Structures are given as C-alpha cells and as structure tokens.
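Accompanying notes for the structure given below.
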Amino acid sequence: MREYRLRCSGCGASFADDGVQLDCTGRHAPALLHTRYDRRDFAVDEHEPSVLRYRSWMPAGREIATAARPAVYRSSALAARLGLRELWIAFNGWWPARGASLRTSTFKELEAIAVLGRLAPDEERTLVVASAGNTAAAFADACTVNDIPMLIVVPASAFERVAAIARIGATVHVVALAGAEYDDAIAFARQLESLDEFIYEGGVRNVARRDGLGLVMLAAVEAMGALPQAYFQAVGSAAGALGVHEAAQRLVADGRFGGRLPRLMLAQNAPFTPLHDAWSVRADVLPERSPADAKAQIAQIGATVLSNQTPPYTIAGGVREALAATDGAVDAIGNNEMLDAMMLFAETEGIDIDPEAGIATAALQRACGAGAIDREAPVLLNVTGGGRSLRARETHGAVPALTLGRESFGARGHDAVRSLLFSSHR
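Sequence positions in the sequence shown follow my numbering and run 93 to 518.
Structure representation (structure tokens):
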C-alpha cells in the first residue's frame, strides 16, 4: 500500500517507511522527515465522502475507517464584516448542515486517522500519544472505531473534556497525570518509548500527523480551485501549520493551483507565545523561559491546548523555515480579543468555535484592521475546532484507566502502566 518514501529535511536521505519511523538515521542535527509521494498531481476520489478521498497523498499502510471531513465554504457575513472580498473558512468540527463531520469537533481527528492508517497491518505494539485534550479525544475515538490498541497520556485536568466528546472503547487506555501539564504528559509518553511493548507516536516528528493536518489545505483547494494567498491558524506545536505548508508545496509543484505558497499567518494566546516571541525578532532559537514562568503564563491563557513549550522552531523543516519561505507572521492574541472573536464568529457564521479558533479569527481581524493582507485576495481561515454545542455529550461515565501522582511519573509509573496493559490482555 505504501506509494511514497520518507525524505530527510536535513540531509536528503530517502527511506522506505515502516509505519513508525520518526527520525533520520544519519548523524546530523535534528531534522524533520517528510513524505514524498509517488503521485505528484493532486487527485481526488470523488466517490469517497470522507477525507480518504485524498488517500493518494496520505501515508497509508493499512485500511482505516472514518467518516470525518471538514467543511470548506466561502464566507459572506464574516467576510463582509471584515471587508474581505474572498474569505474562505475551513471548518474542522461538527456541523452536519455544512458537511463537517468530525465527531470530536476538532481537526486533530485528521491527524489521528493518518497516524493510525500509517501503521503496518501486522504492528502489535501499543501506540502511545500525549495530549492536552483534543488529540486525546481524536485518537480515543478513532482507535475505538478501528479496534486499535492505544495508550493515551493526559494531564488529569484534561480528562473530563476528553471523555465528554470521545468514545473510549476497550482497546483505549487513558493514563491521567495528577498535577501535570502538557509537557509532563509528553515527557512521560516519551519515557515509555524505551519499553518493548510501546511505540511513541512522535508528535510533530510523525509525518502522518503533519500530512493528516495538511488535509485541510487539500480540502480547501478542492473547494476553492486555487491556493489562498494568506492562511490563518492558531498554533501550539504548529504541526498543523507545517502540515498545511507541506501540502501547499505539493500543490505548487502540481502547477494547476498557483505558483505561490500561502503566507502563514499564525497566532498564539498571550501571554504564552514562544513562537511569536522568537519570530518577531527573527531569533535563531526559542526564548528561554524558566519552568515557573512558563507555568504562570500557561495558567493565564484561555486556549489551553496552545501550551506546547517546545514547538519545532529551529529544526530543519520546522517552523522558522516555513515562516521564512512564506514571509509569514506570528501574532500574540489576548483572551479578551479571543472571546470577542468567538462571539463575532458565532454572530456572523451561526455556530460556536473553540478558543483556539477564536485566536485565529482574532488574528485575521487584527490583520484586516492593520492592512497586513490584501483585502481583494483569497484568504483561508482554519477553524480548528467548533460545533461542540451541536454535539451531545458522551454519557458512558468513563474514568481514566490509571491515575498517577507526580511521585509516579518515573519508573514506578512505567511499571503501573505495564501492569495495566497486562491485566487488560488476560
């Protein structure tokens, strides 16, 4: 099934994919891998209603079941309010009336589908993913539908949100870390990578995560007929922005949709804005923050899923390169602007959006006011989550399979996780 190879952004080395490789085997500075598909022209399977219609540019290793698809439409009301001639909205959430069918109300569902579909059919190890909420919900739901074993590590404070929007079946085990933050979940998940029973999903280093999120651009170009001039999204790790950028590169190479990459107009939730702080001064590295300062800033943001402390800024193939290639920008948006933008979107477009989508909408609103974009050109706004008011809450009464205190974030916790999986397999 694998009609592609992996290519290193650093040294150019090429690899056949085993479904889980995260890094180049060469000895050089860290670099992201990316996919190089056998098919170079953009093809759509018009008989497939879900995002699997773009399967020729998805890293497929096994069959996967999904009904997920974003809705891409041309805005009238919000566009008029902002004075834009051609504003397109990619709505990644639950809005059946528009055709958006992401059950967990977030574009993280797209990455879950791609990551699971990348796995080899005979892969027996348990995939481990860390999340602050949305990714956990997306993977839990997709693994439940496809009967794939998964261990999900989340801060305990995020579990209720996950359980409210995702089905959590027998193959899915959620480990909640008490008193933890997103980076604690990442660290714990990565520690499990050394154990034979587990595979670490890899976050932004996983080509499938980026290609899955890049499906947003493919859906947009199918609807628009051409690439947008500017692209707006809120970012934490910026895996979505990188995925969209890589998809745009493939579309430019196709030659039928325009020869210019969309300008990446990204946004973070102030005061926690590591990418904004670095890119605004064209720094070579992310600014240093003490753990105490980072924790204090993260506690103040309304879009809590944008709390990644180590986004891939300097790595080859990472955020700094993508921003430089597109003359991009990263804005810093406060909670009040975010809330105003969420209300504006609900008023004009008629549906609720998540806080992170409010950050992106506020950045678009600010850019329009500052004359930072061409009001006559096509613009794409990625609403990365929304429609939760239309989704009934899950009522299965789920609880974490295991809750660990901070004293168990090391070897003791690993043993507890192993015991959990052993008991579930008996």
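C-beta: ideal position from N, C-alpha, C; glycine also.
A quick note: this is a predicted structure, and the numbers were derived from the prediction, not measured.
Tell me which residues share the same chain as residue i and place their Cβ nearer than 7 Å to its Cβ, disregarding the 5 neighbours each side in the sequence.
i: Leu150; result: The displayed chain sequence assigns Met, not Leu, to residue 150. So the list reads Ala206, Gly209, Asp303, once near-sequence residues are dropped.
i: Arg190; result: Ala163, Tyr165, Phe183
i: Gln283; result: His506
i: Ala493; result: His265, Val266, Val267, Leu512
i: Ala169; result: Thr440, Glu441
i: Asp133; result: Asp346
If you draw a straight line from the C-alpha of residue i to the C-alpha of residue j, how long is it?
i: Met37; j: Trp180; result: Outside the shown range of the chain, which is 93 to 518, sits residue 37, and nothing can be said about it.
i: Asp233; j: Thr227; result: 10 Å
i: Ala416; j: Ala330; result: 14 Å
i: Gln392; j: Ser101; result: 36 Å
i: Leu353; j: Glu499; result: 48 Å
i: Leu334; j: Asp369; result: 18 Å
i: Val112; j: Phe437; result: 39 Å
i: Ala212; j: Ala300; result: 13 Å
i: Leu482; j: Ile443; result: 9 Å
i: Val377; j: Ala123; result: 15 Å
i: Lys200; j: Val308; result: 11 Å
i: Val336; j: Ile407; result: 17 Å
i: Leu144; j: Glu138; result: 10 Å
i: Tyr39; j: Thr263; result: Outside the modelled stretch of the chain, which goes from 93 to 518, sits residue 39, for which no answer is possible.
i: Arg94; j: Asn428; result: 47 Å
i: Phe501; j: Glu380; result: 24 Å
i: Gly409; j: Leu358; result: 17 Å
i: Pro366; j: Arg504; result: 33 Å
i: Lys387; j: Pro141; result: 42 Å
i: Tyr146; j: Met316; result: 16 Å
Of all the options the options, which has the alpha carbon lying nearest to the alpha carbon of residue i?
i: Ala449; options: Leu473, Asp466, Ala386; result: Leu473
i: Ala105; options: Glu95, Ile393, Arg119, Cys460; result: Arg119
i: Arg458; options: Arg145, Arg132, Leu174; result: Leu174
i: Phe290; options: Leu243, Ile260, Ala277, Val491; result: Leu243
i: Arg128; options: Gly294, Ala345, Arg374, Phe501; result: Ala345
i: Leu456; options: Asp432, Asp444, Gly478; result: Asp432
i: Ala224; options: Val246, Asn238, Ile240; result: Val246
i: Asp130; options: Ala152, Pro366, Cys116; result: Ala152
i: Ala160; options: Val296, Leu367, Glu203, Ser148; result: Glu203
i: Ala395; options: Pro447, Arg132, Arg480; result: Pro447
i: Gln389; options: Arg94, Arg253, Glu140, Glu273; result: Glu273
i: Arg374; options: Val411, Ala384, Arg381; result: Val411
i: Pro470; options: Glu178, Gly477, Gly478; result: Glu178
i: Glu293; options: Val254, Thr218, Ala322, Gly332; result: Thr218
i: Ala322; options: Gly478, Glu468, Arg504; result: Glu468
i: Asp214; options: Val254, Leu305, Glu155, Pro379; result: Glu155
i: Arg253; options: Ser142, Thr198, Pro383, Ser167; result: Thr198
i: Gly477; options: Ile451, Cys116, Ala312, Gly347; result: Ile451
i: Arg485; options: Gly461, Trp186, Met430; result: Trp186
i: Pro403; options: Gly426, Met430, Phe364; result: Phe364
i: Ala508; options: Thr453, Leu287, Tyr405; result: Leu287
Could you round the C-beta distance between residue i and residue j to whole angstroms and report it? I think they count as a contact, below 8 Å.
i: Leu398; j: Ala281; result: At roughly 19 Å, the Cβ-Cβ gap does not stay under 8 Å, so Leu398 and Ala281 are not in contact.
i: Ala192; j: Asn184; result: 7 Å
i: Thr418; j: Leu343; result: Contact flag wrong, Cβ pair sits at about 13 Å.
i: Ala424; j: Ala362; result: 4 Å
i: Glu314; j: Val136; result: 6 Å
i: Gln360; j: Val422; result: 7 Å
i: Thr196; j: Ile257; result: 5 Å
i: Asn298; j: Leu114; result: 6 Å
i: Ala278; j: Ala222; result: Here residue 278 is Ile; the residue named in the question, Ala, does not match the sequence. Between Ala222 and Ile278 the Cβ distance is about 4 Å, and since that is below 8 Å, they are a contact.
Within a Cβ cutoff of 6 Å, which residues of the same chain sit near residue i, ignoring the five residues on either side of it in sequence?
i: Asp275; result: Gln401
i: Leu98; result: Phe107, Asp109, Leu125
i: Ala318; result: Phe349, Gly350
i: Ile260; result: Ala232, Ala490
i: Ser167; result: Leu179, Ile181
i: Ala250; result: Ala224, Gly225
From the beta carbon of residue i, is the nearest beta carbon of chain C less than 8 Å away?
i: Ser197; result: Given the protein chain composition of this structure (a single chain), no chain C is represented.
Leaving out the 5 sequence neighbours to the left and right, which residues in its chain are closer than 8 Å to residue i when beta-carbon positions are compared?
i: Ala270; result: Ala248, Thr495, Leu496, Gly497, Arg498
Looking at the ligand SAM, does it come within less than 7 Å of residue i, judged from the CB to the closest heavy atom?
i: Gly478; result: Looking at this structure, you won't find the ligand SAM or any other ligand, since it has none at all.
Could I get the ranges of all uninterrupted alpha helix (DSSP H) runs contained in the segment 197-228, with 4 residues as the minimum, in chain order? Fully enclosed alpha helix (DSSP H) runs of 4 or longer: 200-210.
Length-filtered (4 minimum) alpha helix (DSSP H) runs lying within the segment 235-266: Assignment of alpha helix (DSSP H) within the segment 235-266, counting only whole runs of 4 or more residues, yields 251-257 in chain order.
Curious, which full-length beta strand (DSSP E) runs of at least 3 residues does the segment 303-336 contain? Within the segment 303-336, the complete beta strand (DSSP E) runs of at least 3 residues are 322-326.
Segments of 4+ residues assigned as alpha helix (DSSP H) that fall wholly inside the segment 407-450: Correct list: 411-418, 427-441.
Threshold first: 3 residues or longer. Then list the beta strand (DSSP E) segments lying entirely within the segment 119-159, N to C. 125-129
Quick one: which unbroken beta strand (DSSP E) runs of 3-plus residues sit fully inside the segment 157-185? Chain order, please. Annotation: the segment 157-185 contains the following complete segments of the beta strand (DSSP E) (minimum length 3 residues), in chain order: 163-166, 178-183.
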